[in-house]
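For reference, the structure discussed in these notes is given below.
Residue numbers (our numbering): 1463 to 1631.
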C-alpha cells in the first residue's frame, strides 16, 4: 500500500510540474472525499471563463466512506471529452463532459480495481473558481480475504452525484 501511494504521489507531481497546460485543483465530495486535479490535454485550453475547451484528464485521490465510516483509500482517473458548452449565462461558462474512468482502492476488507465512466457538468465563474457535479459508476473485481469478487454492489455508490470545487491556474 505504501508503494502504491508513493507511485501515485510521484506520478501526480510529475504531471503537475511537467506541463504548462491549464490546470485546476480542488476537492471532490460525495460518498468519498478526494483531492481533485484537472489537466487540459491534447492542445486544449481553458476558454474565456476558464472552462476546458477540449479533452481533459481528471485525477482524484482520497478517502472512501460507507455508512458514515472511513473504510479505505481510493484513487480514480478519467479521460473526459467536453461534449457541449451551452451559452446559458452572459458571465461564466457551462460545460457537459463524459469519458472513461478507472478506479483503484484499498478498503478495510481488501482492495479493488474497477473501470467505468464519468459523466457530469461544470460551471466556470469569471473568477478562477469552477464547480461541477458528476457521477462515476464502475464495475470490476475486488479481493476480500484472498478471494476475488465482482465489484458491483459498490458501483451503485458511484452513481451518487459528487460535487467538486476547484481553483483554476
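We put the beta carbon where it would ideally sit given N, CA and C, even for glycine.
Of all the options the options, which has the alpha carbon lying nearest to the alpha carbon of residue i?
| i | options | result |
| --- | --- | --- |
| residue 1636 | 1583, 1569 and 1542 | Any property of residue 1636 remains undetermined from this structure, which presents the chain solely from 1463 to 1631. |
| residue 1589 | 1574, 1523 and 1553 | 1553 |
| residue 1522 | 1544, 1596, 1531 and 1556 | 1596 |
| residue 1569 | 1526, 1492 and 1519 | 1526 |
| residue 1610 | 1629, 1626, 1574 and 1544 | 1574 |
| residue 1624 | 1630, 1631, 1598 and 1612 | 1598 |
| residue 1499 | 1586, 1520, 1604 and 1551 | 1520 |
| residue 1536 | 1608, 1629, 1612 and 1600 | 1600 |
| residue 1586 | 1557, 1572 and 1546 | 1557 |
| residue 1577 | 1566, 1531, 1571 and 1584 | 1566 |
| residue 1555 | 1583, 1490 and 1540 | 1583 |
| residue 1626 | 1484, 1572 and 1594 | 1594 |
| residue 1502 | 1489, 1516 and 1572 | 1516 |
| residue 1622 | 1493, 1489 and 1591 | 1493 |
Go ahead and pull the three-state DSSP assignment for residue i.
| i | result |
| --- | --- |
| residue 1630 | strand |
| residue 1542 | strand |
| residue 1562 | strand |
| residue 1485 | strand |
| residue 1547 | coil |
| residue 1552 | coil |
| residue 1516 | coil |
| residue 1534 | strand |
So residue i packs on residue j, CB below 8 Å; how close in whole Å?
| i | j | result |
| --- | --- | --- |
| residue 1538 | residue 1563 | 6 Å |
| residue 1495 | residue 1524 | 5 Å |
Buried or exposed for residue i, going by 16 or more other Cβ atoms inside 10 Å?
| i | result |
| --- | --- |
| residue 1486 | buried |
| residue 1606 | exposed |
| residue 1548 | exposed |
| residue 1518 | buried |
| residue 1608 | exposed |
| residue 1511 | Annotation note: pLDDT 49 at residue 1511 (below 50); position unreliable, coordinate value reported separately. So residue 1511 ends up on the buried side. |
| residue 1546 | exposed |
| residue 1632 | Nothing about residue 1632 can be read from this structure; the chain reaches only from 1463 to 1631. |
What runs of the beta strand (DSSP E), each 3 residues or longer, lie entirely inside the segment 1569-1624?
1572-1586, 1591-1597, 1600-1606 and 1609-1613
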